[in-house]
Amino acid sequence: MSTEISFSTWNINGIFNSVLGDKTKNKDFIDSISKIDFIFINETWTNTCLNIPGFEAIISETAKPVTNRACRKSGGISLLFKSKFKKYVSIIKNTKNFLWSKISKEILNSDRDLYMCGTYIPPEKSKYFENKIFEELENDLVLFSSKANILLLGDLNARTSKLKDYISSDGSNHIQDTSGNSFQPPQRQNLDSTTNNHGKKIIEICKSTDMRILNGRTNGDSLGRPSFHSKNGTSSVDYIICNQNLMPKVKHLVVKSPNYLSDHSQVITWINLHQTTNTINNTPLQPPISKLPLQYIWNNESNENFKKTLKSDELQEKLSTFLENDFSSDREGINKCVNEFENIINVASKKSLKIKKKKYRRNINNVANKKWFDKDCRFERHQLRKLANQKHRDPNNTEIRSAYHTALKDYKSTLEMKKKNFHFDKIQEIEKH
1 MSTEISFSTW NINGIFNSVL GDKTKNKDFI DSISKIDFIF INETWTNTCL
51 NIPGFEAIIS ETAKPVTNRA CRKSGGISLL FKSKFKKYVS IIKNTKNFLW
101 SKISKEILNS DRDLYMCGTY IPPEKSKYFE NKIFEELEND LVLFSSKANI
151 LLLGDLNART SKLKDYISSD GSNHIQDTSG NSFQPPQRQN LDSTTNNHGK
201 KIIEICKSTD MRILNGRTNG DSLGRPSFHS KNGTSSVDYI ICNQNLMPKV
251 KHLVVKSPNY LSDHSQVITW INLHQTTNTI NNTPLQPPIS KLPLQYIWNN
301 ESNENFKKTL KSDELQEKLS TFLENDFSSD REGINKCVNE FENIINVASK
351 KSLKIKKKKY RRNINNVANK KWFDKDCRFE RHQLRKLANQ KHRDPNNTEI
401 RSAYHTALKD YKSTLEMKKK NFHFDKIQEI EKH
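Under UniProt numbering, the residue at position 388 of the sequence shown is numbered 388, and the numbers go up by one with no gaps.
Set out below in structure tokens:
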């Protein structure tokens with residue numbers, strides 16, 4: 001059993017794309033979430049429930065604009081979690097901005113349940129933003145923190161720079177409180193030096209509710225890497241935040257490098273699990289697992305072929321040796337007898353019957369598997385990934401940033417062109433007939 005449990009948030013910038021299609025069927029998307037236990041997908045722009053093998057899904061409503069003008073859906077939060085956790089997860093609150101769920105303390109090294117919240121807060125000037133969002137968030141944190149540990153994940157559109165998310169005792173002349181709740185965490189780092197109103201509100205909420213930002217102060221993200229990447233610059237707006245008491249259980253956090261699926265990076269954290277009890281399966285230890293025996297195809301000719309093989313000199317010799325063997329009547333002798341007879345049957349089967357091959361069904365409709373995805377597409381994708389890694393290592397380098405967004409634009413244009421040309425050629429081919 002794993003000794004840790006993973007949580008993630010990712011603003012996917014729309015599940016469906018005219019060029020990429022359904023991103024949840026893309027191999028790079030599947031690879032990004034396959035090892036994650038709980039992940040909030042933000043800005044799905046859809047109310048459609050996500051269907052991914054091995055995962056359960058819970059969705060929120062999408063947001064409606066404050067104006068009367070017609071426009072696309074906004075927001076949309078989907079919680080994906082491994083199916084093995086299904087009986088340990090329940091929904092607490094589900095709105096267009098907040099998706100609260102409870103994870104039972106049975107699978108955590110804690111005497112408290114874990115309430116996790118996936119959130120998307122629109123930018124301040126967005127027609128989808130409502131002033132009451134922060135008040136609602138603070139009220140929820142106050143209410144739920146009395147019942148459980150808290151984990152807040154999502155795109156807050158909050159730029160916090162290195163503002164302290166706790167009440168500092170620096171310069172205080174009175175005797176300091178040394179209780180657990182007063183513990184001051186390490187100074188938070190952030191490569192994004194800008195603050196905005198959303199960021200200041202989040203900092204004040206953290207101070208008043210004893211919540212702590214994990215970005216920039218956790219192993220794996222000691223620099224505070226940016227999570228949003230535009231051609232004009234980068235910023236840190238996607239966060240994972242927890243209550244003070246949960247911090248010691250946090251192992252590490254990473255902000256992944258950008259890719260073509262979204263202009264936001266995926267953020268992941270790992271929390272220690274109970275290491276002594278098999279709570280998830282709640283079953284005794286199982287013996288070592290062995291491969292299933294080969295399966296054979298039995299058709300109209302199999303009967304004669306099998307009997308003919310058994311009559312062959314090789315098999316007759318094996319059968320004679322088997323019959324002449326004086327097996328003991330204890331467990332060891334019985335096992336030896338069964339194993340030798342099974343070996344004779346297997347030899348005859350392999351010589352006379354066809355072996356049934358296991359077919360692996362893949363539900364991943366990766367864009368790279370499309371017939372129009374040729375060597376030009378693969379080359380541009382390779383170049384884009386190289387630039388993404390360089391940009392992740394040096395996010396403030398404007399030259400690399402510009403090259404990355406140029407490559408991203410070119411890659412998407414190439415995909416669109418290849419797709420259109422392929423379908424045009426197919427139509428032309430059909431019309432000729």
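Beta carbons are placed, not taken as given, at the ideal position from N, Cα and C, and that holds for glycine.
All values derive from a computational prediction rather than experimental measurement.
When you compare only the Cα positions, how much space is there between residue i and residue j?
i: residue 40; j: residue 338; result: 53 Å
i: residue 8; j: residue 226; result: 15 Å
i: residue 345; j: residue 316; result: 12 Å
i: residue 190; j: residue 234; result: 12 Å
i: residue 159; j: residue 141; result: 20 Å
i: residue 211; j: residue 239; result: 12 Å
i: residue 35; j: residue 185; result: 29 Å
i: residue 17; j: residue 298; result: 47 Å
i: residue 105; j: residue 421; result: 54 Å
i: residue 378; j: residue 15; result: 22 Å
i: residue 3; j: residue 273; result: 5 Å
i: residue 427; j: residue 406; result: 32 Å
i: residue 399; j: residue 92; result: 46 Å
i: residue 374; j: residue 314; result: 52 Å
i: residue 423; j: residue 429; result: 10 Å
i: residue 324; j: residue 356; result: 33 Å
i: residue 244; j: residue 206; result: 10 Å
i: residue 431; j: residue 307; result: 56 Å
i: residue 425; j: residue 27; result: 26 Å
With a cut-off of 8 Å on the beta carbons, I'd call residue i and residue j a contact; round off their distance for me.
i: residue 419; j: residue 372; result: 5 Å
i: residue 195; j: residue 163; result: 6 Å
i: residue 263; j: residue 236; result: Not confirmed; about 14 Å, so no contact.
i: residue 157; j: residue 121; result: 5 Å
i: residue 300; j: residue 353; result: Wrong, their Cβ atoms sit about 12 Å apart, outside the cutoff.
i: residue 133; j: residue 97; result: 6 Å
i: residue 200; j: residue 148; result: Not a contact, Cβ separation roughly 27 Å.
i: residue 90; j: residue 50; result: Contact doesn't hold; Cβ gap of about 19 Å is too wide.
i: residue 60; j: residue 138; result: Not confirmed; about 19 Å, so no contact.
Would you mind reading off the limits of the alpha helix (DSSP H) that contains residue i?
i: residue 408; result: 398–432
i: residue 352; result: 331–352
i: residue 240; result: Careful: residue 240 lies outside any alpha helix (DSSP H), inside the beta strand (DSSP E) at 238–243.
i: residue 142; result: 132–145
i: residue 387; result: 375–393
i: residue 304; result: 302–310
i: residue 324; result: 313–324
Just to confirm, are residue i and residue j a CB contact at a threshold of 8 Å?
i: residue 214; j: residue 242; result: yes
i: residue 100; j: residue 88; result: no
i: residue 107; j: residue 85; result: yes
i: residue 83; j: residue 45; result: no
i: residue 193; j: residue 146; result: no
i: residue 130; j: residue 76; result: no
i: residue 12; j: residue 23; result: yes
i: residue 188; j: residue 165; result: yes
i: residue 136; j: residue 198; result: no
i: residue 19; j: residue 342; result: no
i: residue 268; j: residue 250; result: no
i: residue 29; j: residue 56; result: no
i: residue 10; j: residue 295; result: no
i: residue 261; j: residue 218; result: no
i: residue 437; j: residue 6; result: The structure shown does not extend to residue 437, since the chain spans only 1 to 433, so no value can be given for it.
i: residue 246; j: residue 151; result: yes
i: residue 309; j: residue 348; result: yes
If you follow the beta strand (DSSP E) that residue i is part of, which residue opens it and which one closes it?
i: residue 11; result: 4–11
i: residue 212; result: 211–213
i: residue 161; result: Unbroken run through residue 161: none, as it is neither H nor E.
i: residue 82; result: 77–82
i: residue 29; result: That residue, residue 29, is in no beta strand (DSSP E); its alpha helix (DSSP H) goes 27–33.
i: residue 117; result: 113–120
i: residue 129; result: Here residue 129 belongs to no beta strand (DSSP E), and DSSP marks it neither H nor E.
i: residue 435; result: What the structure shows of the chain is the stretch from 1 to 433, and residue 435 is not part of that stretch, so it cannot be assessed.
i: residue 50; result: Residue 50 -> no beta strand (DSSP E), and no H or E assigned at all.
i: residue 58; result: 55–59
i: residue 100; result: 98–103
i: residue 438; result: No information on residue 438 is available, as it lies outside the stretch 1 to 433 that the chain covers here.
i: residue 38; result: 38–42
i: residue 155; result: 148–155
i: residue 264; result: Residue 264 -> no beta strand (DSSP E), and no H or E assigned at all.
Would you say residue i lies against chain C (beta-carbon separation less than 8 Å)?
i: residue 216; result: No chain C appears in this structure, which consists of one protein chain only.
> Are the segment 399–411 and the segment 370–384 touching, with three or more C-beta to C-beta distances below 8 Å?
Replying inline: yes
>> Within 8 Å, do at least three Cβ pairs link the segment 256–271 to the segment 386–399?
In response: yes
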